[in-house]
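S.K.: Heads up: the sequence shown runs through residues 36 to 272, numbered per my numbering.
Could you have a look at this structure, given as structure tokens, before my questions?
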Amino acid sequence: MSSTMDHSAMAMTASEGGEGGESASSADSVSSDAVYLGQLKFIRGHLLVGVELYQEGDAEASETHMKHPESEIYAALLPALEVRNAPEFAGQLSALALAVENRQPVSTVTAAFDDLMSAIARAEGAVAPVTPRLLGDVIVDLVSTAAAEYDIAAGDDLGLENGHEYQDSFGFMRIAYDVLAQLEAMGTDSGITSSIRERMDTIMPAWTGLQPPARLHVQPSVIYGAASRIELSVSGL
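The structure is reproduced here in structure tokens:
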């Protein structure tokens, strides 16, 4: 790795005073709406990358991205779903994973993905009110974790060490943009949202596409720095 800061340490810079990150505890997801929404967004990020890999014909890589949300994130999220009376989506999650595992037609996998996204949206709808600060904290969580995943992907000389983590970080950044669009649609302080978007736009070229290059071209420290500056901007919401 190109930094001594590991994934869990980077998660400490996320929202809610160090809570959050992809490996947030069940207790954090129960007590914090920001962590709860963040976990749902991480699931979205994994699955977005997974379905697009499948659509590109890389079923083997797709399958690895389907397994993590099902086996780890969702299990830890169950208590948070229950306490909010949010609908569970284990059935839809399993249906998508099985469709990929069984190498079903792309149309079948895409339909299962769309069904699962609708189910996740219903779970997200259990949070009210959704405030600008809440969405800002989720963005910080996503970008901070993307930085940590990118760091794992990058070797000391920026040679690719872990393509899976590169893809995870790419998915999390894309979901962060979706949350930013939601924040902008709320009519939030344009100076703050513009600052967040500018910081994200500055680092997004680190990801050249779904398939990682043999050599990365942005130092992880640059992405960590942008995440910190985004967190500072969000503190003004």
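Glycine is no exception: its CB is placed at the ideal position from the N, C-alpha and C atoms.
Just so we're clear, the structure is a prediction, and the values are computed from it rather than from any experiment.
Extract the residue ranges of the alpha helix (DSSP H) inside the region 183-247, only unbroken runs of 4 or more that lie entirely within it.
M.R.: Fully enclosed alpha helix (DSSP H) runs of 4 or longer: 198-220, 225-238.
S.K.: Just verifying my parser: in three-state terms, what is the DSSP assignment at Arg264?
M.R.: Correct three-state label for Arg264: helix.
S.K.: Determine the direct distance from the alpha carbon of Ile231 to that of Val269, and round the result to whole angstroms.
M.R.: Going from the Cα of Val269 to the Cα of Ile231 covers about 8 Å.
S.K.: Please list, in chain order, all residues of the same chain as Ile238 whose beta carbon is under 6 Å from its beta carbon, the five residues on each side excluded.
M.R.: Same-chain partners within the cutoff: Ile258, Ala261.
S.K.: Ends of the alpha helix (DSSP H) at Gly160?
M.R.: Premise fails: Gly160 is in no alpha helix (DSSP H) and is neither H nor E.
S.K.: Can you grab the Cα-Cα spacing for the pair Lys76 / Glu123, in whole Å?
M.R.: Their Cα atoms are separated by approximately 15 Å.
S.K.: Using the C-alpha atoms, what's the distance from Gln139 back to Arg264?
M.R.: If you take the alpha carbons of Arg264 and Gln139, they lie about 43 Å apart.
S.K.: Going by Cα to Cα distance, which pick from Ala96, Ser67, Asp68 is closest to Pro247?
M.R.: When only C-alpha atoms are compared, the closest one is Ala96.
S.K.: Along the chain, where does the alpha helix (DSSP H) containing Ile78 start, and where does it finish?
M.R.: Start and end: 68-90.
S.K.: Three Cβ pairs or more, each shorter than 8 Å: is that satisfied between the region 112-126 and the region 220-235?
M.R.: Contact fails: fewer than three Cβ-Cβ distances are below 8 Å.
S.K.: What number of angstroms, rounded off, separates the C-alpha of Asp68 from the C-alpha of Ala115?
M.R.: Their Cα atoms are separated by approximately 9 Å.
S.K.: If you draw a straight line from the C-alpha of Val141 to the C-alpha of Gly271, how long is it?
M.R.: Between Val141 and Gly271, the C-alpha separation is close to 44 Å.
S.K.: Pairs of beta-carbons, one from the region 101-110 and one from the region 152-162, closer than 8 Å: are there three or more?
M.R.: No, they do not touch.
S.K.: Would you tell me roughly how many angstroms separate the C-alpha atoms of Asp186 and Pro255, rounded to the nearest one?
M.R.: Computed Cα separation, rounded: 5 Å.
S.K.: Comparing C-alpha positions only, which one of Glu117, Asp149, Ala146, Lys102 sits nearest to Ala132?
M.R.: Cα-wise, what sits closest to Ala132 is Lys102.
S.K.: In three-state DSSP terms, what is Arg250?
M.R.: Correct three-state label for Arg250: strand.
S.K.: Does Asp150 come out as helix, strand or coil in the three-state DSSP assignment?
M.R.: Three-state DSSP puts Asp150 in a helix.
S.K.: Cβ atoms of Gly85 and Asp203: under 8 Å apart, would you say?
M.R.: The answer is no: Cβ separation not under 8 Å.
S.K.: Consult DSSP for Ser43 and reduce its assignment to one of helix, strand or coil.
M.R.: At Ser43, the pLDDT of 37 sits below 50, so the modelled position is not reliable and the matter cannot be decided from this model.
S.K.: Taking only three categories from DSSP, how would you classify Arg20?
M.R.: This structure cannot speak to residue 20, because the chain is shown only from 36 to 272.
S.K.: Under the three-state reduction of DSSP, which class applies to Gly271: helix, strand or coil?
M.R.: Gly271 falls in the coil class under three-state DSSP.
S.K.: Reducing DSSP to helix, strand and coil, say where Glu98 ends up.
M.R.: Note: Glu98 maps to helix in three-state DSSP.
S.K.: Looking only at its chain, what residues have a beta carbon closer than 8 Å to the beta carbon of Leu218, apart from the 5 residues adjacent to it on each side?
M.R.: The answer, listed in chain order, is Pro167, Leu170, Gly171, Ile174, Thr228, Ile231.
S.K.: What's the C-alpha gap between Ser61 and Val162?
M.R.: When rounded, the distance between both Cα atoms is 16 Å.
S.K.: In whole angstroms, what is the alpha-carbon distance linking Phe205 and Leu245?
M.R.: About 7 Å.
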